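Novice:
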Amino acid sequence: MIFIDCKSLTAAVGVEVAAHDNLAENSEIDEDVMNDEILEFRVTLTVSHVNHSSHGMHIPSHVSPGNRVWHSGEEVMLRTDVGTWMVRIVFRNGSPRFSAGWNKFARDNKFIVNQKLVFTLIEEDDVIVFDIQSV
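Our numbering applies: residue -12 is where the sequence shown begins, and numbers increase by one.
Next comes the structure, spelled out in structure tokens:
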């Protein structure tokens, strides 16, 4: 079992995290069921996310493809209603983040400070995809 304290994680990394069924605080997630659930996290964009000289955006540590760890240099697809972008994952202080390609993605989508986004992790045909919706 994995236990997630959503309030502590939100305070630590500045993003809200939840599974598809809106986990409560200190929720218990069965690892065997994790693959069948859609993982998502929510972000309120800051200046550093949209200033076009950003170093990317952190991904909550519990959000990973197929119950495995991220690999530095791994590419993922970010998909919005505007289009799709390939972005590389890198690590900073042991945390995965979107990096190479993030600034173009943010610029092309015309994101603004305080905009709220939901990132939903999906695996499609050996491609890791984050569907992103503005809320």
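Idealized CB from N, CA, C, for every residue including glycine.
Keep in mind that this is a model prediction, so the values were computed, not measured.
Taking the beta strand (DSSP E) that residue 124 falls in, what are its first and last residues?
Specialist: With the chain covering only -12 through 122, there is no way to say anything about residue 124.
Novice: Just curious, the beta strand (DSSP E) that residue 85 is in, first and last residue?
Specialist: Unbroken beta strand (DSSP E) run through residue 85: 82 to 85.
Novice: Tell whether a beta-carbon distance below 8 Å holds between residue 126 and residue 76.
Specialist: Outside the shown range of the chain (-12 to 122) lies residue 126, about which nothing can therefore be said.
Novice: Between the segment 27 to 37 and the segment 77 to 84, do three or more beta carbon pairs fall short of 8 Å?
Specialist: Taking 8 Å as the limit for Cβ pairs, the verdict is that the segment 77 to 84 does not touch the segment 27 to 37.
Novice: Could you check where the alpha helix (DSSP H) with residue 37 kicks off and where it finishes?
Specialist: Per DSSP, residue 37 belongs to the alpha helix (DSSP H) from 34 to 37.
Novice: Give the single residue among 53, 113, 104 whose Cα lies nearest to the Cα of residue 161.
Specialist: Missing from the structure shown is residue 161; the chain here goes from -12 to 122 and no further.
Novice: Taking residue 91 as part of the alpha helix (DSSP H), name the residues at either end of that continuous run.
Specialist: Here the alpha helix (DSSP H) through residue 91 covers 89 to 95.
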